[in-house]
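Novice:
Protein chains: 2
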Amino acid sequence: MASPKIVRMTAPRLRDVAQLAGVHPATASRALNPQTRQQVNADTARRVLRAAESIGYQPNPIARSLKTARTGTVGLVIPDLTNPLFPPIVRGIEDVLTPAGYNAWIVNTDNDPQREEAQVEALRSRQVEGLIVATARRTHPLLARLHRQGVKMVLVNRRVDGLELPSVTADDDAGIGLAVAHLVGLGHTRIAHLAGPQHTSTGVSRARAFRHALIDHGLPDDPALTVECGYWSESEGARGLRRLLDGGRAFTAVVAGNDLIALGCYDVFAERGMTCPDDVSVVGFNEMPYLDKMRPPLTTVAIPHYEIGAEAGRLLLDTIDEPDRYPRSVLLAPSLVVRASTTPAPCDAASR
Amino acid sequence: MASPKIVRMTAPRLRDVAQLAGVHPATASRALNPQTRQQVNADTARRVLRAAESIGYQPNPIARSLKTARTGTVGLVIPDLTNPLFPPIVRGIEDVLTPAGYNAWIVNTDNDPQREEAQVEALRSRQVEGLIVATARRTHPLLARLHRQGVKMVLVNRRVDGLELPSVTADDDAGIGLAVAHLVGLGHTRIAHLAGPQHTSTGVSRARAFRHALIDHGLPDDPALTVECGYWSESEGARGLRRLLDGGRAFTAVVAGNDLIALGCYDVFAERGMTCPDDVSVVGFNEMPYLDKMRPPLTTVAIPHYEIGAEAGRLLLDTIDEPDRYPRSVLLAPSLVVRASTTPAPCDAASR
DNA sequence: TTGTAGGCGTTATCAT
DNA sequence: ATGATAACGCCTACAA
Numbered sequence: 001m002a003s004p005k006i007v008r009m010t011a012p013r014l015r016d017v018a019q020l021a022g023v024h025p026a027t028a029s030r031a032l033n034p035q036t037r038q039q040v041n042a043d044t045a046r047r048v049l050r051a052a053e054s055i056g057y058q059p060n061p062i063a064r065s066l067k068t069a070r071t072g073t074v075g076l077v078i079p080d081l082t083n084p085l086f087p088p089i090v091r092g093i094e095d096v097l098t099p100a101g102y103n104a105w106i107v108n109t110d111n112d113p114q115r116e117e118a119q120v121e122a123l124r125s126r127q128v129e130g131l132i133v134a135t136a137r138r139t140h141p142l143l144a145r146l147h148r149q150g151v152k153m154v155l156v157n158r159r160v161d162g163l164e165l166p167s168v169t170a171d172d173d174a175g176i177g178l179a180v181a182h183l184v185g186l187g188h189t190r191i192a193h194l195a196g197p198q199h200t201s202t203g204v205s206r207a208r209a210f211r212h213a214l215i216d217h218g219l220p221d222d223p224a225l226t227v228e229c230g231y232w233s234e235s236e237g238a239r240g241l242r243r244l245l246d247g248g249r250a251f252t253a254v255v256a257g258n259d260l261i262a263l264g265c266y267d268v269f270a271e272r273g274m275t276c277p278d279d280v281s282v283v284g285f286n287e288m289p290y291l292d293k294m295r296p297p298l299t300t301v302a303i304p305h306y307e308i309g310a311e312a313g314r315l316l317l318d319t320i321d322e323p324d325r326y327p328r329s330v331l332l333a334p335s336l337v338v339r340a341s342t343t344p345a346p347c348d349a350a351s352r
Numbered sequence: 001m002a003s004p005k006i007v008r009m010t011a012p013r014l015r016d017v018a019q020l021a022g023v024h025p026a027t028a029s030r031a032l033n034p035q036t037r038q039q040v041n042a043d044t045a046r047r048v049l050r051a052a053e054s055i056g057y058q059p060n061p062i063a064r065s066l067k068t069a070r071t072g073t074v075g076l077v078i079p080d081l082t083n084p085l086f087p088p089i090v091r092g093i094e095d096v097l098t099p100a101g102y103n104a105w106i107v108n109t110d111n112d113p114q115r116e117e118a119q120v121e122a123l124r125s126r127q128v129e130g131l132i133v134a135t136a137r138r139t140h141p142l143l144a145r146l147h148r149q150g151v152k153m154v155l156v157n158r159r160v161d162g163l164e165l166p167s168v169t170a171d172d173d174a175g176i177g178l179a180v181a182h183l184v185g186l187g188h189t190r191i192a193h194l195a196g197p198q199h200t201s202t203g204v205s206r207a208r209a210f211r212h213a214l215i216d217h218g219l220p221d222d223p224a225l226t227v228e229c230g231y232w233s234e235s236e237g238a239r240g241l242r243r244l245l246d247g248g249r250a251f252t253a254v255v256a257g258n259d260l261i262a263l264g265c266y267d268v269f270a271e272r273g274m275t276c277p278d279d280v281s282v283v284g285f286n287e288m289p290y291l292d293k294m295r296p297p298l299t300t301v302a303i304p305h306y307e308i309g310a311e312a313g314r315l316l317l318d319t320i321d322e323p324d325r326y327p328r329s330v331l332l333a334p335s336l337v338v339r340a341s342t343t344p345a346p347c348d349a350a351s352r
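Below you can see the structure in the form of structure tokens.
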């Protein structure tokens, strides 16, 4: 005598579990939730869990979110995923968030404020619980507004002027210090800086660090030897170096704002028949992948990408858990990776 | 006489809009939804829209999803975000999905089946409406199961044996054909292949295309000149080339399964004091970024990354809209980018 | 054309 | 310890 069985083709719901275990849905809910499980008789709980298991019950996160107003998601706002700097950061973030029960939405803004606004709007409408933002500019009305509205966020790599937000950045001062010390140690005295965009905190702090480092080494700080790039990109790096070369001031080494800017220099060297490092030494920043296979392999300042992501994840979790905690920021120490793009300055130090 | 105003600190809801417009929430709902707007008096609709606008109403997608059982999200399953192949593909996907009202969740599996299963589970529990999968292996129980369960998906770059799923791939046959023809044109007759993993369809199809191309050019197909790499990675490329070199069979050129495998060869050249292309010419596949700055700049088969993503997005939308449509697959034409890693074969053709 | 009512699946708050 | 009930915000037959 086969027992009749009604087959539901949709996913099993809480009430199915409850029915099977012979309890009320509310009880099943309590039994299933580790937080509230001790409110329920151990035997009952076991029965419910077995029932859930047996029919493959998975709670519907949408219904849960509607009720609890929590989604277990955070947004990741990245300026440009094709910049190889970010994947390891993303990885670090995920490795921290996943065990805490959060998932991350990654969005790409392509350095376009309009696109950024739309993307952030999409994230908010999907009720993310917090934001990790890598697109900060020094003046950033959108982020300022979000902050005022109480959106929880953590900045990565860059900061916003006058906004007290938790952030994780590399220690630019230390990193540029390493780069300059390395070049000075090689005998360079005329060192140029291809600065990143000065509307980003990182562009500014690296430029400032560069000036300080020159002074520390007793070198003159010639403003003509610092040129700003409009973006953190190869093409802007190339433009910057052309301006530097056309400026007529002699220099034997370049500290680039980041690796992409440094790689842009390589294009100009090719254009003008110059060779690196013989004509000009170059140092990058970030230690992006594949630098060891470049022509020449690029000397650079390495930063702990993965750890930056992991720290950002931790800060965001803290911010979500304790909204009133005073914003901490984390500074991570860089290190220098010496490769073949730097070499001792020519003896005729005034050359080039 | 200021009108009293009750201030809600939470997001405005449909009922707030309705109240402000002096209509029932149901009417407001209809007015707000373009699909049902013509059911409502044009004036009323206008009033509702203005009311919504004025208080910045955004429908709560969670409540909507609970009701409609649709989420407007799809999952993107990527083996390794640090592979620069993927960002432009992701971009293409997003550019197609966004206008259609969908957002994409990106997850990273790191080539780890366990992690993949967990990530896919997370996506499904968040009720994504479809999956774009770039991690397919030729035998892939997880994907087979998902397919049986009716999960809508599109494969990118790789396929699953015996599973009729829509897919978007580069035309491997044509691409490898270009590479081999180029090398033959340069006089190479002993050409090796560093094949990608044979558990991926791409690895197999490129290896098969390689054999066919040799035959087409009347060259002997020496099995000892094909070596399989365990992953699509630099380190496996390096291992493969070492095995090839240690095998004692002469060859003057290598067709690598992809760019990363090709770059792995560069490491071995450095190790063994060989120079590329003088000792061995190398061709890659994919045209990943920065190849032009490598030492030497890598000749490679370029594929339209962005278009691959865009096509995948379109296929998925089709699959969602017309679930019963017969699975189409799209093959995109590659092109050859000649750089400095390939050069005419040495006159002494039997050398090396 | 508009309003009514019920429900999507879960959980929080009562009461028992 | 468990059950009943309502509510999260929205949508949609159905009724008016």
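Order-wise, the sequence lines are chains R and S.
Numbering-wise, the first sequence is residues 1 to 352 according to the UniProt record's numbering.
Numbering-wise, the second sequence is residues 1 to 352 according to the UniProt record's numbering.
A virtual CB, placed ideally from N, CA and C, is assigned to each residue, including glycine.
A quick note: this is a predicted structure, and the numbers were derived from the prediction, not measured.
1) Kindly list the residues whose CB is nearer than 7 Å to the CB of Asp292 (chain R), restricted to its own chain and excluding five residues on each side of it in sequence; keep chain order.
2) Compare the beta carbon distance of Pro84 (chain R) and Pro84 (chain S) with 8 Å and say whether it is the shorter of the two.
3) Compare the beta carbon distance of Pro296 (chain R) and Cys265 (chain R) with 8 Å and say whether it is the shorter of the two.
4) Using a 10 Å radius around the Cβ and a threshold of 16 neighbouring Cβ atoms, would you call Tyr57 (chain S) buried or exposed?
5) Secondary structure at Ala350 (chain S), three-state DSSP: helix, strand or coil?
6) Can you tell me where the beta strand (DSSP E) with Thr169 (chain R) in it begins and where it stops?
7) Mind checking which residues open and close the alpha helix (DSSP H) that includes Ile62 (chain S)?
8) At a CB-CB cut-off below 7 Å, which residues of chain S make contact with Ser65 (chain R)?
9) So, Ile204 (chain S) versus Arg138 (chain S), is the Cβ gap smaller than 8 Å?
10) What separation, rounded to the nearest whole angstrom, lies between the Cα atoms of Thr109 (chain R) and Val180 (chain R)?
11) Roughly how many angstroms lie between the CA atoms of Ser335 (chain S) and Leu178 (chain S), to the nearest whole one?
12) Answer yes or no: do Ile62 (chain S) and Val17 (chain S) have a C-beta to C-beta separation smaller than 8 Å?
13) What runs of the alpha helix (DSSP H), each 4 residues or longer, lie entirely inside the stretch 153-196 of chain S?
14) Unbroken beta strand (DSSP E) runs of length 3 or more, entirely within the stretch 114-155 of chain R: which are they?
15) When you compare only the Cα positions, how much space is there between Phe285 (chain R) and Asp95 (chain S)?
16) With a threshold of 8 Å on Cβ separation, who are the neighbours of Glu234 (chain R) within its own chain once the five nearest residues in sequence on each side are excluded?
17) Going along chain S in order, which residues have a C-beta closer than 7 Å to the C-beta of Ser125 (chain R)?
18) How many Å lie between Val337 (chain R) and Leu183 (chain R) at the Cα?
19) When you compare the CB of Leu263 (chain S) with every CB in chain R, is at least one pair closer than 8 Å?
20) Give, in chain order, every residue of the stretch 147-158 of chain R whose Cβ lies closer than 9 Å to some Cβ of chain S.
21) Span of the alpha helix (DSSP H) holding Glu307 (chain R)?
22) Suppose the cutoff is 6 Å on Cβ atoms and the five residues either side in sequence are ignored; what does the same chain contact list for Arg50 (chain S) look like?
23) Locate the alpha helix (DSSP H) running through Glu228 (chain R), then write down its first and last residues.
24) Since Val337 (chain R) meets chain S, which of its residues come closer than 9 Å, beta carbon to beta carbon?
25) Please report the straight-line C-alpha distance between Ile132 (chain R) and Ile320 (chain R), rounded to a whole angstrom.
26) When burial is assigned at 16 or more other CB atoms within 10 Å of the CB, is Ile106 (chain S) buried or exposed?
27) Would you kindly work out how many angstroms separate the C-alpha atoms of Gly72 (chain R) and Gly101 (chain R), rounded to a whole number?
28) Relative to the alpha-carbon of Ser167 (chain S), which residue among S:Asp173, S:Arg70 and S:Arg159 has its alpha-carbon at the smallest distance?
29) Does the beta carbon of Trp105 (chain S) sit closer than 8 Å to a beta carbon anywhere in chain R?
30) List the residues of chain R that Met294 (chain S) touches, going by C-beta distances under 8 Å, in chain order.
31) Give every residue of the same chain whose Cβ lies closer than 7 Å to the Cβ of Arg115 (chain R), excluding the five residues on either side of it in the sequence, and list them in chain order.
32) So who's on the other strand from Trp105 (chain R), going by DSSP bridges?
33) So what does DSSP say about Leu260 (chain S), is it helix, strand or coil?
34) Check whether chain R comes within 8 Å of Arg91 (chain S), counting only Cβ atoms and requiring the distance to be less than that.
35) Taking C-beta pairs closer than 7 Å, name the residues in chain S that Leu81 (chain R) reaches, listed in chain order.
36) Confirm, please, whether the CB-CB distance from Ala310 (chain R) to Leu244 (chain R) is below 8 Å.
Specialist: Taking the definition as stated:
1) Arg339
2) yes
3) no
4) buried
5) Low confidence applies to Ala350 (chain S): its pLDDT is 46, below 50, so where it sits in the model is not reliable enough to give any reading.
6) Ser167 to Ala170
7) Pro61 to Thr68
8) Ile62
9) Correcting the residue identity first, residue 204 (chain S) is Val in this sequence and not Ile. Taking 8 Å as the Cβ cut-off, Val204 (chain S) and Arg138 (chain S) qualify as a contacting pair.
10) 33 Å
11) 7 Å
12) no
13) 172-185
14) 131-133
15) 31 Å
16) Leu260, Ile261, Leu263, Gly264 and Asp267
17) Gln58 and Pro61
18) 13 Å
19) yes
20) none
21) His305 to Asp321
22) none
23) Counting along the chain, Glu228 (chain R) falls outside any alpha helix (DSSP H), though it belongs to the beta strand (DSSP E) covering Thr226 to Glu228.
24) Per Cβ cutoff of 9 Å: no residues; Val337 (chain R) is ~16 Å from chain S at best.
25) 12 Å
26) buried
27) 6 Å
28) S:Arg159
29) yes
30) Tyr290, Lys293, Met294 and Arg295
31) Thr109
32) R:Gly75
33) helix
34) yes
35) Pro87 and Val90
36) no
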